[in-house]
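*Asks:* Under my numbering, think of the first position of the sequence shown as 38, with each following residue one higher.
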Amino acid sequence: MASIDIQSIRKSFGTFPVLHGVDLTIRDGEFIVLVGPSGCGKSTLLRMIAGLEGVTSGDIRIDGKRVNDLAPKDRDIAMVFQSYALYPHMSVADNMSYSLRLRRTAKEKIASAVGNAASKLGLDPLLERRPRALSGGQRQRVAMGRAIVRQPKAFLFDEPLSNLDARLREQMRAEIKKLHADLRATSIYVTHDQIEAMTLADRIVAMHAGVVQQVGTPLDLYDRPANLFVAGFIGSPGMNFFEGLYVVSGEKAELRLANGTVLPVGKRAGIESGSVATLGIRPEHVTLNDQGALEADVDLIEPTGFGIIMHVTLHDGPLKIFTLDRSMLNPGPKVRVDLPLERLHLFGSDGNRVD
Ligand code: ATP
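1. Check the DSSP bridge columns for SER49 and list the partner residues they point to.
2. Return the chain-ordered list of same chain residues with a C-beta closer than 8 angstroms to the C-beta of TYR124, the five sequence neighbours on each side being excluded.
3. Got a sec, what are the start and stop residues for the alpha helix (DSSP H) VAL151 sits in?
4. Compare the Cα-Cα distances from ALA191 to each of LYS371, ALA39, PHE384, LEU376 and report the closest residue.
5. In chain order, which continuous runs of the beta strand (DSSP E) of length 3 or greater are located wholly inside the stretch 209-295?
6. Measure the C-alpha to C-alpha separation of ALA115 and ASN277 and round it to an integer number of angstroms.
7. DSSP beta-bridge partners for ASN389?
8. Note down the Cα distance separating GLY287 from PHE118, rounded to an integer number of angstroms.
9. By a C-beta neighbour count over all protein chains shown, 10 Å radius and 16 as the cutoff for buried, is PRO320 buried or exposed?
10. Tell me whether GLN177 sits in a helix, a strand or coil according to DSSP, three-state version.
11. Restricting to Cα atoms, I'd like to know which of GLU196, GLU291, LEU137, ASP161 is closest to GLN231.
12. Within a Cβ cutoff of 6 angstroms, which residues of the same chain sit near GLY317, ignoring the five residues on either side of it in sequence?
13. With a CB to CB cut of under 8 angstroms and the five nearest residues on each side skipped, what residues in its chain are close to ALA290?
14. May I ask you to verify whether the stretch 321-336 touches the stretch 352-365, counting CB pairs closer than 8 angstroms and requiring at least 3?
15. Once the 5 residues before and after LYS79 are set aside, which same chain residues still bring their CB inside 6 angstroms of it?
16. Measure how close the beta-carbons of ALA154 and VAL186 come, nearest whole angstrom, since I'm counting them as under 8 angstroms.
17. Check ASP161 in the structure and name its three-state DSSP category.
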């Protein structure tokens, strides 16, 4: 196992810059998830750590040793791909033992490593099969088994579950989490699925347009998003936003929207009265209440089974509400709501969080 240190990493393809200076320290045994929209540079960063992509500038260190110029095979890192990358003509056992056989590891050692990994992953009955005789989930398990038998310093995962159906994804996600609890191997996992990010990560690295936006525990990002991008990216259904003027009067503060609506926001030290600001509230934090301060028109009801997503209009603006209250399946044309002060996020005109 190993720590991984990424310092001022930049990457361009030709003249096209993809990463604009990434700094990140991954601790020994930590599970890090890189998230961000398509094209933000997360796979490129992962591939640079693996050595599959060169670094334009900056340094990558594994256990303190600079690896920029080290070939992938000499970095002692295992990568698990979305495509599984199994050898079709080899059995499951041979796929799993391939790297050890290349290294001329003793036969007994190989047998015990493959046996251990197979029993951890429930692959014992499948060891003699070829990949084409396996389901997608089983193939993904073999790909993970192949990584485990090498006992590498770190595991890199590039969207390993994105080819699986929803049910299997959920199951494999839990298995990956269990495996990590068991092996405690340093892991970096790339996904654009924020449920995977939230459930698997010790820390999430949220990226956008080649820049790290926030690094923190899943709940740090959910409870205290550093900027509008993270606030909008983490959470489903997504956070509601209202832009307006932040105005202080005495001990109180409010946001004045262009349409005349005034929303109390609670006074913040980090912003001046009269500034443009954006208020955010998560759909699950909007409260429905017959005595609520605000009236909204109901536009659309989306039952999810677990709960209900309500789309309403609050003074010309859209607002999403998530509720577990089944009486809201038939709410009538109007509802009254509150936006509790302690649940409000405020962002300045630069998009950064203000407290
Ligand atoms: P996705 O979620 O779609 O996989 P990503 O965040 O992993 O996206 P990358 O694959 O790292 O994004 O790509 C980042 C940017 O770099 C994209 O604009 C992509 O088109 C570009 N890019 C990636 N590889 C190359 C390459 N070999 N040559 C030129 N441009 C590339």
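For glycine and all other residues, C-beta sits at the position ideal for the given N, C-alpha and C.
*Replies:* Taking the structure as given:
1. PRO54
2. ASP131, ASN132, TYR135, PRO168
3. 144-158
4. Minimum Cα distance to ALA191 is reached at ALA39.
5. Within the stretch 209-295, the beta strand (DSSP E) runs of at least 3 residues that lie entirely inside it are, in chain order, 223-228, 240-245, 248-253, 277-286, 289-294.
6. 40 angstroms
7. DSSP lists ASN264 as partners of ASN389.
8. 57 angstroms
9. buried
10. Judged by DSSP in its simplified three-state form, GLN177 adopts helix.
11. GLU196
12. ALA268, MET276, PHE278, HIS382
13. TYR283, VAL284, PRO301, VAL302, GLY303, LYS304, ARG305, SER310
14. Yes: the two stretches touch, three or more of their Cβ pairs being nearer than 8 angstroms.
15. Spatial neighbours of LYS79 in its own chain (CB-CB distance under 6 angstroms, excluding positions within 5 residues in sequence) are listed in chain order as LEU71, GLY73, VAL227, MET244.
16. 5 angstroms
17. Per DSSP, reduced to three states, the secondary structure at ASP161 is helical.
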